[in-house]
Structures are given as structure tokens and as C-alpha cells.
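Residue numbers (our numbering): 141 to 233.
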């Protein structure tokens, strides 16, 4: 079976038999054992907005360099702070 990605690339998917063989081989690899439930619980969620919130839209926006530098200088979350500043402005105008 083949699928096409958004970028136009064609990917060939393994058949169920090939997938079973790949999985069986992976399960017997001593250098790559499956993770335990305890190990999986140690993973931490990455930064960013939870998937599927659907409340934000990606846009291209030109900002003054000084303004952008000031927000970036505040560290991680600077884009969220720009959004909050715009939301505050919209409330009062």
C-alpha cells in the first residue's frame, strides 16, 4: 500500500506480514528492548499548545525589531506574551 504525504512524497507501507516480521525482529533485539510502563511514565510532555485546541491561527506578521527583541528577551513563551498583549489591547479598544 502507498500513501502520499502533504509534501507530495510517496511512502510505501509494509504489508501486515512484513509488519509482523519487523515487529518480531525488533522484539528480539537485545540492544533495543521495548520500554516498560515505568519507563513510559517518565516521559515528559513537550512544550507547546496541546494538540487539537483549534483556538489559534498561524499568521505572518511584521513587527518592529525593537518590539520583537523585547519580547524574545523575556525567554520562552514570548509568543504567548505577544498574544496576551494583543488580547489586552483588543479588550480596551
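Positions of the beta carbon are idealized from the N, C-alpha and C atoms, including for glycine.
For residue 149 and residue 142, the rounded distance between their alpha carbons: 10 Å
Taking the beta strand (DSSP E) that residue 185 belongs to, which residues open and close that run? Residue 185 -> no beta strand (DSSP E), and no H or E assigned at all.
From the DSSP secondary-structure annotation, give me the bridge partner or partners of residue 151. 143
Residue nearest to residue 208 in terms of C-alpha spacing, selected from 191, 223, 177 and 152: 223
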